Amino acid sequence: MRLHRLDICAFGPFGGSQTVDFDELSAAGLFLLHGPTGAGKTSVLDAVCYALYGAVPGTRQSGQGMTLRSDHAAMSTRTEIRLELTVAGRRLEITRQPPWERPKKRGAGTTLDKAQSWLREYDAAAGAWKDLSRSHQEIGEEITQLLGMSREQFCQVVLLPQGDFARFLRADAEARGKLLGRLFDTHRFADVEKRLVERRRAAEAQVRDGDAALLADAHRMQQAAGNAMELPELAPGEPGLAEAVMSAAAVARSTAREQLTVAHCRLTAAESAQAAAERGLGEVRELARLQRRFGEARERAALLEERADGYHQAQMRMERARKAEAVAPALDLRES
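For the sequence shown, the working numbering assigns the number 835 to the initial residue and increments by one for each residue that follows.
Below you can see the structure in the form of C-alpha cells.
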C-alpha cells in the first residue's frame, strides 16, 4: 500500500482544511512525522485509519475518547476525510463523512446527517475517476480484502501509537500467529504443512501395514526355521522393525544354506552308498543265478547218470530192432 494524498477537514485538532502530500514527503524514501504534544500527529494517523475502515484506533473512537469532529470547526463546516492511495496495483480514492449535527436550513436548532462514504478508482485508460460504491459495508469489505487485514490488525501492525505495539508484543502466540499469518499470507505454508502431515500419517499407516505383513511373514519363517531365527520384540510402526526382521531373516537364511549344504553332502554320500550297494546286489544276484544254474545242472547230471543203464539197454534193443527190421520181410515171406 502506498499513500498519495490525504485531505482533512474539521477533523480532530484541525478546524479547517489540511492536505498532506505523501508523494512529496516520501520522495526521499522515508519521512518523519513529529511535533509537540497536541500538534495532531496521532490525528493524521487516525484520519488514515478512518478513511480506510470508517473508524479510528482503539479508545480514540467517538464516545470513549476525543470526538472525530474538531471543536475548532465552524458550525457550517462538515467533517470530511479524503484519502488517495494505491493498493494491490489499484489507485483508489476513499471519501468519508462521519455523522454531523448541522444547523437547520430553516428555523433554529440542528439536524443529524448520516455518515456517508464514497469509493472511486482511477481508470488510467480513460484518464478519469469512476465511482465504485457508496455502501459502507461494500467499501469496508473491499478495503479489508485488498489490505488483507481488519482494522484491529491494521492498527496493531501498521499504526503503532500510544502503546499499541507493546500490546501486540504482549499478545499470546496464537493471536500473533493468526495476525502475522494473515499479514504475510502464510496460508499456503499452512496448507503445505497440513498436506505434509496428511502424507506423514498416510506413510505411517503404510509403514504399519507393511510391518504387520512383514511380521506375519517372519512368523511363518520362524515356524519353518525353528530355533535358527529369533524375531525382535517390536510392534508394527516402531523404528528399526524392518531392519531387525531382515537381519534375523539373513541369519536364518545363512543357517538354512549351511544346513542345505550339509544335506547335499549327505545326499551325495547316500547316493554313492546306494550305487555301491546296487552294484554289490547285482553281483550277488548274478552269483546266485549262476549257482542256481549250477545246481540245476548237477541235478540233471545225476538224473542222467541214474538213467544211463536203461538208456544203454534201450539203445541195444533199438539196434536189435533195426537188424530185425531188415529180415522182417523175409520172415513174413517164409511164414506165407
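Each residue gets a CB set at the ideal place from its N, CA and C atoms; glycine is no exception. This one's a predicted model, so the numbers in the text were calculated from it and none came from an experiment.
Problem - For residue 1109, the first and last residue of its enclosing beta strand (DSSP E) - result: Counting along the chain, residue 1109 falls outside any beta strand (DSSP E), though it belongs to the alpha helix (DSSP H) covering 1075-1140.
Practice task
Counting only the same chain and skipping the five closest in sequence on each side, list residues whose C-beta sits under 6 Å from that of residue 929.
Solution key: 916 and 952
Handout entry: Assigned exposure category for residue 918 - 16 Cβ within 10 Å defines buried
Key = buried
Exercise for the section: Measure the CB-CB distance between residue 856 and residue 874 and report whether it falls below 9 Å. Expected result: no
Problem - Run of the alpha helix (DSSP H) containing residue 845, from where it starts to where it stops - result: Not the alpha helix (DSSP H): residue 845 falls in the beta strand (DSSP E), residues 836-845.
Exercise for the section: Pick helix, strand or coil for residue 881, following the three-state DSSP scheme. Expected result: helix
Handout entry: Cβ-based burial, residue 1124 [other Cβ within 10 Å; buried from 16]
Key = exposed
Exercise for the section: For residue 1008, I'd like the list of residues in its chain whose CB is within less than 8 Å of its CB, leaving aside the five on either flank, ordered along the chain. Expected result: none
Exercise for the section: Could you please give the first and the last residue of the uninterrupted alpha helix (DSSP H) stretch that includes residue 1022? Expected result: 1021-1059
Practice task
Decide yes or no for the touch test of the segment 1077-1094 against the segment 1046-1056: beta carbon pairs closer than 8 Å, at least 3 of them.
Solution key: yes
Handout entry: Distance between residue 1069 and residue 1046 (C-alpha atoms, nearest Å)
Key = 8 Å
Exercise for the section: Find out if the Cβ-Cβ distance for the pair residue 985, residue 891 is shorter than 9 Å. Expected result: yes
Practice task
Indicate whether the contact test is met: 3 or more Cβ pairs, each with one atom in the segment 934-944 and one in the segment 963-978, closer than 8 Å.
Solution key: no
Problem - For residue 1021 and residue 1035, the rounded distance between their alpha carbons - result: 21 Å
Handout entry: Bridge-paired residues (DSSP) for residue 889
Key = Answer is none; residue 889 lacks a bridge partner.
Problem - Beta-carbon spacing of residue 920, residue 844 below 9 Å - result: no
Problem - For residue 837, the nearest candidate out of 885, 876 and 850 (CA to CA) - result: 885
Problem - Under 9 Å between C-beta atoms of residue 1086 and residue 1056 - result: yes
Practice task
Taking only the alpha-carbon atoms, compute the straight-line gap between residue 988 and residue 880 and give it to the nearest angstrom.
Solution key: 12 Å
Exercise for the section: Name the two residues that bound the continuous alpha helix (DSSP H) containing residue 917. Expected result: Looking at the DSSP string, residue 917 is not in any alpha helix (DSSP H); the run it does join, the beta strand (DSSP E), is 914-921.
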